[in-house]
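First up is the structure itself, then whatever we jot down about it.
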Amino acid sequence: MKNKTPKIGTIEYEMHLAEASAQKPRLLLHACCGPCASSVLEYLTPHFDVTVFYYNPNILPKEEFIKRENALKDVISHFEGVRLIVPDQYESEYISYVKGHKNDLEGGARCSLCFTLRLEKTAEFLKSHSDEFDFFATTLTVSPHKNAPLINRIGNDVANKIGVKYLSSDFKKRDGYLRSTVLCREWGIYRQVYCGCISELLF
Numbered sequence: 021m022k023n024k025t026p027k028i029g030t031i032e033y034e035m036h037l038a039e040a041s042a043q044k045p046r047l048l049l050h051a052c053c054g055p056c057a058s059s060v061l062e063y064l065t066p067h068f069d070v071t072v073f074y075y076n077p078n079i080l081p082k083e084e085f086i087k088r089e090n091a092l093k094d095v096i097s098h099f100e101g102v103r104l105i106v107p108d109q110y111e112s113e114y115i116s117y118v119k120g121h122k123n124d125l126e127g128g129a130r131c132s133l134c135f136t137l138r139l140e141k142t143a144e145f146l147k148s149h150s151d152e153f154d155f156f157a158t159t160l161t162v163s164p165h166k167n168a169p170l171i172n173r174i175g176n177d178v179a180n181k182i183g184v185k186y187l188s189s190d191f192k193k194r195d196g197y198l199r200s201t202v203l204c205r206e207w208g209i210y211r212q213v214y215c216g217c218i219s220e221l222l223f
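The opening position of the sequence shown corresponds to residue 21 in my numbering, with each subsequent residue numbered one higher.
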């Protein structure tokens, strides 16, 4: 029985096409943190030329943002040829974007807005550097606490609005999350204990 061709518009579909190409497609990968990026990079780097984009103004306080940035750098050091881009970003961008949603529960409207903000900025960066990248994707779907269909819907909506290409994923499949815990333990990577925002710090 032949293997089923992956769905168009997914990470797996582009990996399937890359097998027959002499050149790797260029992927701008939004990364929320080092732990989530670990197994995702292991999965993607054989098939894509990956640049990691660390835009997460939701991570509060600033000291925590820096700790996660350093953890991400530690993870990337294990993968040859992977670049890291850390654009200018300010927590005020996030706070104003989710204004009025301070008391939302985890997984509610504030989370959807947070996904939208981060994926919009990633897509806008791709748009302004379209000669360097073919697609964008996000590591967010590796977490068992995140709604992959929702994230992919937002990613595709953002891509259509801005005029770029988003690749849908569900990196938690194939034990992606479990693999990330193994890699972080082996490499001594800092693992945070909360997603990013602290509601008490929101206005």
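All C-beta atoms, glycine included, are put in the ideal place defined by N, C-alpha and C.
In this text, all values refer to a predicted model and were calculated from it rather than measured experimentally.
How would you write the range of the alpha helix (DSSP H) that residue i sits in, first residue to last?
i: residue 129; result: 129-148
i: residue 201; result: 196-207
i: residue 110; result: Careful: residue 110 lies outside any alpha helix (DSSP H) and carries neither H nor E.
Report the rounded CA-to-CA distance for residue i versus residue j, giving the unit in angstroms.
i: residue 8; j: residue 135; result: With the chain represented from 21 up to 223, any question about residue 8 goes unanswered, as that position is not in the structure.
i: residue 173; j: residue 66; result: 26 Å
i: residue 187; j: residue 89; result: 24 Å
i: residue 216; j: residue 118; result: 13 Å
i: residue 204; j: residue 159; result: 15 Å
i: residue 149; j: residue 185; result: 13 Å
i: residue 94; j: residue 84; result: 15 Å
i: residue 44; j: residue 92; result: 23 Å
i: residue 137; j: residue 39; result: 33 Å
i: residue 259; j: residue 206; result: Any property of residue 259 remains undetermined from this structure, which presents the chain solely from 21 to 223.
For residue i, which residues from the same chain have a beta carbon less than 7 Å from its beta carbon, with the 5 sequence-adjacent residues on both sides left out?
i: residue 77; result: 109, 110, 111, 113 and 114
i: residue 26; result: 32, 33 and 36
i: residue 21; result: At residue 21, the pLDDT of 43 sits below 50, so the modelled position is not reliable; the number obtained from the coordinates is stated separately. For residue 21, where only same-chain residues beyond five positions count, there are no Cβ hits under 7 Å.
i: residue 182; result: 143, 144 and 147
i: residue 171; result: 135, 158, 160 and 161
With H, G and I counted as helix, E and B as strand and the rest as coil, what does DSSP make of residue i?
i: residue 163; result: coil
i: residue 104; result: strand
i: residue 21; result: In this prediction, residue 21 scores a pLDDT of 43, lower than 50, which makes its location untrustworthy; the coordinate-derived value is nonetheless stated afterwards. Note: residue 21 maps to coil in three-state DSSP.
i: residue 35; result: helix
i: residue 97; result: coil
i: residue 40; result: coil
i: residue 173; result: helix
i: residue 188; result: strand
i: residue 211; result: coil
So, for residue i: in the same chain, excluding its five sequence neighbours on each side, which residues have a beta-carbon less than 6 Å away from its beta-carbon?
i: residue 178; result: 139, 140 and 143
i: residue 46; result: 69, 153 and 154
i: residue 124; result: 130
i: residue 126; result: none
i: residue 73; result: 48, 50, 105 and 142
State the start and end residues of the unbroken beta strand (DSSP E) segment that holds residue i.
i: residue 13; result: There is no way to answer for residue 13, as the model of the chain reaches only from 21 to 223.
i: residue 51; result: Unbroken run through residue 51: none, as it is neither H nor E.
i: residue 156; result: 155-158
Going by beta carbon distance, what residues of the same chain come within less than 8 Å of residue i, once the five residues before and after it are set aside?
i: residue 176; result: 29, 186 and 188
i: residue 209; result: 54, 55, 58, 91, 94, 95 and 203
#### Entry: Any 3 or more C-beta pairs closer than 8 Å across the stretch 197-204 and the stretch 154-168
yes
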